[in-house]
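What follows is a set of notes on a single structure, which appears directly below.
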Amino acid sequence: MMTSLREIGRAIGDYRTAFRFIHSHRLYLWLWWPVAVNLLLVVMALALGEVMATQFQERIDQWLGWDDGWWNQVLRWTLGVLSRMLIFFVYALVYKQLVLIILAPVLAYLSEQTEALKTGRHFDFSWRQLFQDALRGAGIALRNLFFELLITLLLFFFAFVPLVGLLAPLLLLIVQAYFFGFSMIDYSCERSRWSVRKRLSFMRSHRGLAIGNGLMFYGLFLIPYLGWAIAPVLGIVAGTLSFLDTKKPGLSADPVSQK
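Convert by adding 23 to the 1-based position in the sequence shown; the result is the number in the working numbering.
As structure tokens, this is what we get:
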């Protein structure tokens, strides 16, 4: 327990180290990728949400056969607002994972460059390897999204249990933070050619690193615009630095997966 708490604190501190790392190595251009992706997603979400809300409202009108009385107008307006709020809630729930899926190629390459600058290790650029890392990163994000939605649904029902349900928001935050941190650190595990079993064992042994990284990632995403831009870049750099500082000599490759 104390080890996990210390690792959470260290992972949070690694965000400050990541900020200094980005500044010292002039990695500011990487921030433009999340900015572009976030602008694209926001525009698409607003357009899609408006279309879906309008269609939903038209179906309700046809089903109930409302007239033009003022009371029906109020109900129609209320349902329109509630439907848009529901669409926004669903979007907000999957939004961060969508960003990670789209940015997977960028994050894979940035993680590699961070390790190269930190350790002096040279990596030969390979489109094939970049594609494999990006595909794996997107797959991890999709898997995490599935488990996050499943656990969120379970915790939603758990929230109705008297007294005990008060813990549901905290548990949900920890679960989401773990999956976000998992995504940030797993790029380094893949680059070390670890098997799925070894990387899962590493995450279980150092879950504090994942939770701490994810807490900062989640917290930054609560800051409109600025947080959306810097969270993925700071998260991947911090996750890579945490992994490099934690990985012990002799664990750089997995005999099971090594070619």
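Where a beta carbon is used, it is the ideal one built from N, C-alpha and C, also for glycine. Values in this document were obtained by computation on a predicted structure and should not be read as measured data.
{"Check": "Host alpha helix (DSSP H) of Ile234 (start-end)", "Outcome": "Arg230 to Phe244"}
{"Check": "Whole-Å CB distance - Leu28 paired with Ala252, under 8 Å assumed", "Outcome": "No, Leu28 and Ala252 are not in contact; Cβ-Cβ is about 30 Å, not under 8 Å."}
{"Check": "Neighbourhood of Glu135 by C-beta, 7 Å cutoff - its chain only, sequence neighbours within 5 removed", "Outcome": "Phe146 and Arg214"}
{"Check": "Option in Ala70, Leu223, Phe244 and Cys212 with minimal Cα separation from Gly262", "Outcome": "Cys212"}
{"Check": "Cβ neighbour criterion (16 or more within 10 Å) applied to Ser265", "Outcome": "buried"}
{"Check": "Separation of Ala59 from Ile163, as counted between CA atoms", "Outcome": "22 Å"}
{"Check": "Residue burial classification, Glu30 (beta-carbon count within 10 angstroms, cutoff 16)", "Outcome": "buried"}
{"Check": "Counted within 10 angstroms of its Cβ, other Cβ atoms place Asp209 as buried (16 or more) or exposed", "Outcome": "buried"}
{"Check": "Identity of the residue in Leu62, Trp150, Trp217 and Leu165 nearest Tyr248 by Cα", "Outcome": "Leu62"}
{"Check": "Beta-carbon proximity check, Phe203 vs Phe169, cutoff 7 Å", "Outcome": "no"}
{"Check": "Ala161 vs Ile124 beta-carbon contact at 7 Å", "Outcome": "yes"}
{"Check": "Three-way DSSP call (helix, strand, coil) for Ser211 in this model", "Outcome": "helix"}
{"Check": "Where the alpha helix (DSSP H) containing Pro128 begins and where it ends", "Outcome": "Ala127 to Thr142"}
{"Check": "Cβ neighbours of Gly235 in the same chain (closer than 6 Å, five flanking residues each side left out)", "Outcome": "Ile31, Ala34 and Ile35"}
{"Check": "Beta-carbon proximity of Leu140 to His48, cut-off 7 Å", "Outcome": "yes"}
{"Check": "For Val74, the three-state DSSP class (helix, strand or coil)", "Outcome": "helix"}
{"Check": "Residues near Val256 by beta carbon distance below 6 Å, same chain, minus five either side", "Outcome": "Trp53 and Leu54"}
{"Check": "CA-to-CA distance, Ala191 to Tyr201, given in whole angstroms", "Outcome": "15 Å"}
{"Check": "Distance, Leu245 Cα to Pro57 Cα", "Outcome": "15 Å"}
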